[in-house]
Structures are given as structure tokens and as C-alpha cells.
Amino acid sequence: MRKRIARAIGGTMAFLELRTPVWRVFALSAAVMVVATVALLPFPAAANALTDGLAQVLGTILSFFVEILGKILLMAIYLLTWVASYN
């Protein structure tokens, strides 16, 4: 039991400390986006196009995650009501 708790805490800390490769990629890509936006500030049309494109991409990614989280939440509610109906 202690090993399971230690693994769960370790996994949470790795997630928070960006030790997993996926989150490192996200952090690096966010840094590149910020640097590119700041570098293009002297060129308003290019900066505007870049920020519009970034907003569209991030909106698509976030809507995907929100949709998945909504389905997981609905499944959890369904399971809880199903379990409660037998008690």
C-alpha cells in the first residue's frame, strides 16, 4: 500500500515538475510561440496573423480536451447513479 501511495505521489510530482516528455514538449512549444510573437511585434500584420493562427490551434486543442473531460464526467455520473440505484 505504501508503494502505491509513493508511486501516485511521485507521478503527481513528475507531472507538476514537467518531468514527463509530453509536458516538456508543451512547455517548449509555448516558449517558442511567445518568442515568435515578441519577435514579430515590429511587423503588425505578421504578428496579427501569427496570434490568430495560434488562437485557432489552441482553441481546437482545448475544445478537444474539454470534450473528452465532459465525456469522462458524464460517464462518472452515470456510473455513480448506476451504483446508487443498487444500494
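Heads up: take any position in the sequence shown, counting from 1, add 15, and you land on this note's numbering. Glycine included, every Cβ here is placed at the ideal spot set by N, Cα and C.
With a cut-off of 8 angstroms, do at least 3 Cβ pairs link the segment 63-76 to the segment 37-53?
yes
Helix, strand or coil at L56 [DSSP, three-state]:
As a working note, residue 56 is residue 41 in the sequence shown. Residue state, collapsed to three classes: coil.
Are the beta-carbon atoms of L55 and A45 separated by less than 9 angstroms?
Position 40 of the sequence shown, counting from 1, holds the residue named residue 55. Position 30 of the sequence shown, counting from 1, holds the residue named residue 45. For the 9 angstroms CB-CB criterion, L55 and A45 do not form a contact.
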